[in-house]
Structure formats: structure tokens, C-alpha cells
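Below: the structure, in C-alpha cells.
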Amino acid sequence: MSNIKFYKESNLPLEMHKVRIVQKLNLLPIDQRLKAISEAGNNTFLLRNSDVYLDMLTDSGTNAMSDRQLGAMMIADDSYAGSATFYRLEEKVQKFFGKKYFIPAHQGRACEHILAKTLVSPGDVVPMNYHFTTTKTHISLCGGSVVEIFKDEAIELVSNNPFKGDIDLNKLQQTIKEVGVEHIPFVRIEMGTNLIGGQPVSLQNVKDVSKICKEHNILLMIDASLITDNLYFNKVREPLCQDMSIAEIALEISKCADIIYFSARKLGSAKGGGIVVDDVALYDKMKVLVPIYEGFLTYGGMSTREMEATAIGLEEATDMDMISHGPEFIAEFARLLTSYNIPIVTPPGGLGLHINAREFVGHIKEEEYQSAALVAAIYIVSGARGMERGTLSEERNPDGSEHIASCELVRLALPRRVFTLSQIRYIADRLAWLYDNRELIGGLRFVEEPDVMRFFIGRLEPTSNWQEKLVAKFKEDFGESL
Ligand SMILES: *Cc1c(COP(=O)(O)O)cnc(C)c1O
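All the letters of the sequence shown, read from the start, carry residue numbers 2 to 483 under my numbering.
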């Protein structure tokens, strides 16, 4: 772990890998970027990747694979039932989580679908540190609802709290008392809490929550999709974990939970997902859903190649050299933006860099989607595509009014081992320019608004000609072609 020592001394994130395959990128001139974002309905999900310079939309399925992962793909055993690949993956999953039964699924939300269908009944309430978009939707579709019991500090965007993902134990006790054990199918902890800025959960908190759940006989479910970054932070920020290996921390977390599920698009840096449990009755209940919705029990909708890659990816997820790249690059990115006074979420988390849009573009009305407007502006001035994580990612209130998000963020995801430090510097530099010219950014309004998860495919337009003005000012400062 010599790199960690070096990093601490020099503040320079140091790659413990080299790049042997490259993909050519395209940086369109600004006029074409304006045209592309207009055609995409000002929704970065609808951009074509060939129009994007740095794809910072998500880390879902976009992390760089290792040579060992690519090598493993060549020995994939293609068969519908009983593939040797499945048993290799199953063994690695069992080893990583220390649990007996593995249910494969095609991605994280597919696990959520199976879990919600199995466990959630109409009227149920699921307490959790924070919701994730697809999790909440699956629970809602089964007639349940979500109650968030994060600590108050969780949504203080500027903070020194190393574990903003922790559950507030008093709120948990209170919720159990108010809702009643019979209406709580499970408590959910999301590791590396996505929507509040990739903020980690401490091992101590997982233990405390587990104890309370056991006392009340309530199942504890862990969403381990973002556990790799979380494990990095447990190791470097939590005294309790100082003398433990990454594999030991993962097992210790897992031991506290009855059910764990993960997206292998994140954990494992491949494609796929799965659920693990120790309870055979629970396993039996869920496994019947797999052939209906996913595929046979020995592939669950995954390709055997991706399963082989996931098996190696899980092994590599316990190697500090392989998991440190993301959080350390994000910390460096955060340091650069802080030096430009750009409001960001601190401490920096995993997954990506999170900009506080409510502060960056506070002059835009909340109903005109501050984060969405900012993420469109960032694409226009840099060619980088981020993701809106604010009011637009919420669903409207039953009366049709906007549900204003507690955090209004723009996320610039850093897929692991994909970008270089000079690319980070480039985007930091463009953000500095945009921050100086932020008054030029205006709001957005819907032209096509889907009822469910509108952020994925909804289309918007600017509320004025602010984008043309932004482009004009950019050209004044940088010239025509950038
Ligand atoms: C991405 C993600 C999911 C969903 O996983 P997919 O494989 O993209 O469907 C679930 N939970 C969390 C915390 C995630 O970050």
C-alpha cells in the first residue's frame, strides 16, 4: 500500500494500473454541442455518446475492465442451464459476502424488482438511509412507501462528517414505534449513498442498525451496489476498520444483513447483478421469480462473459490498489473546484463529484430545475455529460405540484480507471469559467413529461434564449472552435 503513503504526502492521486486499450474521443465545437443538447431535449440521458467528450453520466456499466477480467471472458461456458461460469461466479459471490444463496439477476434494479415483489405489500413502509430512484419506484409499484431516516447532517452539503450515509438510530426507533413492525417488511441501508453524493455508511452504523432490527425481528437489507467506494472510506476514515483488510470489512458489513443485493454494473465493474441470503425459505420464495423475469437460475439474464468478468471484478474489489482510483480522483477533482470557490458536496464521496446546483444557480427558480439547467450548461461549455440529481429526478406530489428535492445536485460520475488527471483539469477549468458566468444560465421547462421516472426520457426546453447568450459569451472568451 505504498501508494497511499505517497498520496497522503503529495496529495497526488497515483494510478496503480496502466492503460493498454484506448478509445478515441470526440470534442465537438460549441455550436454543435448546443445543437446536440437541444435535439436531446436538454436531457443528458438523450445525448448520443458520439457527441460527448467526457461521459460522466454514470458509473453504471462504464468502469474500465482489467486485463484479468477480459481474459476471464474468454473461458465463459455458454449454456442455458448449469453453466460452469455460474458456479465460478457463485463461489466468488459467496466468498465476498459470506452468504449461502445467490440469486442472479440482469442488473441492480432487477434485484429490486424481485425483492419488492417478494417482500412489499400495499401499505408497507420501508425505512432507509436514503432512497435510490429505481428502489423507490419498485417499492411504490408494490403499494409500499419509503421513509428516509438519515441523520440531519446527511443533507448538509458542506460538512466534515465522514459518514453522511449513516442511519439516524433514534429516527429508526421512532419509525418502528409509529409504523409498527408488521408494516415494515425490511430496513434498507444503501452503501455509498448515491443521491446525497456517494456518501459512505460506517461499519459501526451498520452494526447498530442490525442490532435494532434484530431486537424487533425486522429484516435488514443492504444495497451493496456502491460498496467498493464505501469500503475504501471505511478503511481510510473509520478507526474501527483500520486493522481490517477490505475483504474483512466487506464480510463484517455483510454479516449484519439478512439480504444483500448489488448491481454488477458497479460492484464487479461488469454487467449484471444479484441477491444473496442465508435463509433458505427466503431464497426459495425469490428464486421462482428468476425464470419469469430474468432468465434461468444459472444466468439470470446475464451473459456468461459478463458473469466471468464479474467474478474477477469481485476479487479485485477487495484490492485497495484497484478501488482507490475513484475516490482519490474525486478528491483531487473536489480540491480543484474548491480552489475555484465552486460550491460542491463535501467531504467528497465516491461515485463522482457532486456540485451544489442550488447554490451555483440559486437565481433560477426551483420549479425551473436548477440542476437540470446546470447540467445542460455544463455540456454546452465542456462537452462533458453529467447527470441531474435533484428536483427533476423526483416525482410530482399527488396534487401535481413539484416535489422540491432536499439536495439539488449535478453529478459528474467518474467511472473507475477511465479518465486521466488532465481530463479532470479540463472539466474543472470549464466549470470555473461557467461559475464566473453563472448569471447567464437560465431555467428549463418540460415539453414532454413521462409519469414515471421522468428524468430518464423526459424532454425540456429553455425558458428563454439563455443558451444562445451563453454560447456567445463563451466564443467571446475562447474563440469559435472550442
Ligand atoms: C445503480 C444503482 C442501482 C441500480 O443498479 P442498475 O444495475 O443500474 O440497475 C441500485 N442501487 C444503487 C445504490 C445504485 O447506485
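Glycine included, every Cβ here is placed at the ideal spot set by N, Cα and C.
Task: Pick from 203, 315, 52 and 381 that is closest to residue 238, judged by C-alpha positions - done: Within the sequence shown, numbered from 1, the residue matching residue 238 stands at position 237. Among 203, 315, 52 and 381, the Cα nearest to that of residue 238 belongs to 203.
TODO: Can you have a look at residue 435 and say buried or exposed, based on whether 16 or more other CB atoms are within 10 angstroms of its CB?
DONE: What you label residue 435 is simply residue 434 of the sequence shown in a count that begins at 1. That one is buried.
Task: residue 221 - partner residues in DSSP beta bridges - done: Along the sequence shown, one-based indexing puts residue 221 at 220. Paired residue(s): 188.
TODO: Note down the Cα distance separating residue 4 from residue 326, rounded to an integer number of angstroms.
DONE: By 1-based counting over the sequence shown, the position of residue 4 is 3. By 1-based counting over the sequence shown, the position of residue 326 is 325. The pLDDT assigned to residue 4 is 49, lower than 50, so where the model puts this residue is not dependable; a value taken from the coordinates is nonetheless given after this. So the alpha carbons of these two residues sit roughly 11 angstroms apart.
Open item on the list: Between which residues of its own chain and residue 115 is the CB-CB distance below 6 angstroms, once the five residues before and five after are set aside?
Closed with: Position 114 of the sequence shown, counted from the first residue, corresponds to residue 115. Taken in chain order, the residues that qualify are 287 and 290.
Task: Three-state secondary structure assigned by DSSP to residue 403 - done: Within the sequence shown, residue 403 is the residue found at index 402, counting from 1. Residue 403: coil per DSSP, three-state reduction.
TODO: Tell me whether residue 394 is buried or exposed, calling it buried when 16 or more other Cβ atoms sit within 10 Å of its Cβ.
DONE: What you label residue 394 is simply residue 393 of the sequence shown in a count that begins at 1. Its Cβ being crowded by 16 or more others within 10 Å, residue 394 is buried.
Task: Burial state of residue 259, where buried means 16 or more other Cβ atoms lie within 10 Å - done: Counting from one through the sequence shown, the residue named residue 259 turns up at place 258. Buried, since its Cβ has 16 or more Cβ neighbours within 10 Å.
- [ ] Following the continuous alpha helix (DSSP H) through residue 327, name the residue where it begins and the one where it ends.
- [x] Within the sequence shown, the letter at position 326 stands for residue 327. First-last of the alpha helix (DSSP H) with residue 327: 326-340.
Open item on the list: Please state whether the Cβ-Cβ distance between residue 471 and residue 432 is less than 7 angstroms.
Closed with: Taking the sequence shown and counting its residues from 1, one reaches residue 471 at position 470. Taking the sequence shown and counting its residues from 1, one reaches residue 432 at position 431. Not in contact: residue 471 and residue 432 (Cβ atoms no closer than 7 angstroms).
- [ ] Can you grab the Cα-Cα spacing for the pair residue 106 / residue 296, in whole Å?
- [x] Reading the sequence shown from its first residue, position 105 is the one you call residue 106. Reading the sequence shown from its first residue, position 295 is the one you call residue 296. So the alpha carbons of these two residues sit roughly 8 angstroms apart.
- [ ] Tell me whether residue 27 sits in a helix, a strand or coil according to DSSP, three-state version.
- [x] Locating residue 27 in the sequence shown gives position 26, where the first residue counts as 1. Residue 27: coil per DSSP, three-state reduction.
- [ ] Could you tell me which uninterrupted beta strand (DSSP E) segments, each at least 3 residues in length, are contained entirely in the region 108-144, listed from first to last along the chain?
- [x] 126-129
TODO: In angstroms with no decimal places, state the Cα-to-Cα distance between residue 443 and residue 40.
DONE: Start at 1 with the first residue of the sequence shown, and residue 443 comes out as number 442. Start at 1 with the first residue of the sequence shown, and residue 40 comes out as number 39. If you take the alpha carbons of residue 443 and residue 40, they lie about 18 angstroms apart.
Task: Helix, strand or coil at residue 357 [DSSP, three-state] - done: Here residue 357 refers to the residue found at position 356 of the sequence shown. Residue 357: strand per DSSP, three-state reduction.
TODO: Determine the direct distance from the alpha carbon of residue 468 to that of residue 242, and round the result to whole angstroms.
DONE: If you number the sequence shown from 1, residue 242 lands on position 241. If you number the sequence shown from 1, residue 468 lands on position 467. Answer to the nearest angstrom: the Cα atoms are 48 angstroms apart.
Open item on the list: Rounded to whole angstroms, what is the Cα-Cα separation between residue 87 and residue 71?
Closed with: Along the sequence shown, read from residue 1 onward, the residue named residue 87 stands at position 86. Along the sequence shown, read from residue 1 onward, the residue named residue 71 stands at position 70. Whole-angstrom Cα-Cα distance: 17 angstroms.
Open item on the list: DSSP three-state label for residue 275, please.
Closed with: Mapped onto the sequence shown, residue 275 falls at position 274. Reduced to three states, the DSSP call for residue 275 is strand.
- [ ] Check whether the Cβ of residue 52 lies closer than 6 angstroms to any heavy atom of ligand 1, and answer yes or no.
- [x] Here residue 52 refers to the residue found at position 51 of the sequence shown. Checking the Cβ of residue 52 against ligand 1 gives no.
- [ ] Name the two residues that bound the continuous beta strand (DSSP E) containing residue 390.
- [x] Against the sequence shown, residue 390 aligns to sequence position 389. That run of the beta strand (DSSP E) goes 388-390.
TODO: Return yes when at least one heavy atom of ligand 1 lies under 6 angstroms from the C-beta of residue 315, else no.
DONE: Taking the sequence shown and counting its residues from 1, the one referred to as residue 315 is at position 314. Answer for residue 315: no, Cβ out of range of ligand 1.
- [ ] Return yes when at least one heavy atom of ligand 1 lies under 6 angstroms from the C-beta of residue 138, else no.
- [x] Reading the sequence shown from its first residue, position 137 is the one you call residue 138. No.
Open item on the list: Taking a contact to mean a Cβ-Cβ separation below 7 angstroms, would you say residue 77 touches residue 309 in this structure?
Closed with: For this step, residue 77 is matched to residue 76 along the sequence shown. For this step, residue 309 is matched to residue 308 along the sequence shown. Against a cut-off of 7 angstroms, the Cβ pair of residue 309 and residue 77 comes out as a contact.
Open item on the list: Please classify residue 2 as buried or exposed, where buried requires at least 16 neighbouring CB atoms within 10 angstroms.
Closed with: Position 1 of the sequence shown, counted from the first residue, corresponds to residue 2. Caution applies to residue 2, whose pLDDT of 43 falls short of 50 and renders its modelled position unreliable; the model cannot decide the point.
Task: Own chain, CB closer than 6 angstroms to residue 62, minus 5 neighbours either side, in chain order - done: Here residue 62 refers to the residue found at position 61 of the sequence shown. So the list reads 266 and 272, once near-sequence residues are dropped.
Task: Residue closest to residue 94, alpha-carbon to alpha-carbon, out of 225, 49 and 123 - done: Against the sequence shown, residue 94 aligns to sequence position 93. Of 225, 49 and 123, the residue nearest in Cα terms is 225.
TODO: Can you give me the start and stop residues for the beta strand (DSSP E) that residue 264 sits inside?
DONE: Position 263 of the sequence shown, counted from the start, is the residue given in the question as residue 264. Start and end: 260-264.
Open item on the list: Can you tell me whether residue 347 is buried or exposed? The criterion is at least 16 other CB atoms within 10 Å of its CB, across all chains shown.
Closed with: For the purposes of this step, residue 347 is identified with residue 346 of the sequence shown, where counting begins at 1. It is buried - the Cβ of residue 347 has at least 16 other Cβ atoms within 10 Å.
Task: Straight-line Cα distance separating residue 256 from residue 180 - done: Taking the first residue of the sequence shown as position 1, residue 180 is located at position 179. Taking the first residue of the sequence shown as position 1, residue 256 is located at position 255. The straight-line gap from Cα to Cα measures roughly 26 angstroms.
Open item on the list: Quick test of the definition: if touching needs 3 or more C-beta pairs under 8 angstroms, does the region 442-457 touch the region 364-381?
Closed with: yes
Task: As assigned by DSSP and simplified to three states, the class of residue 240 - done: Walking along the sequence shown from the start, residue 240 turns up at place 239. Helix at residue 240.
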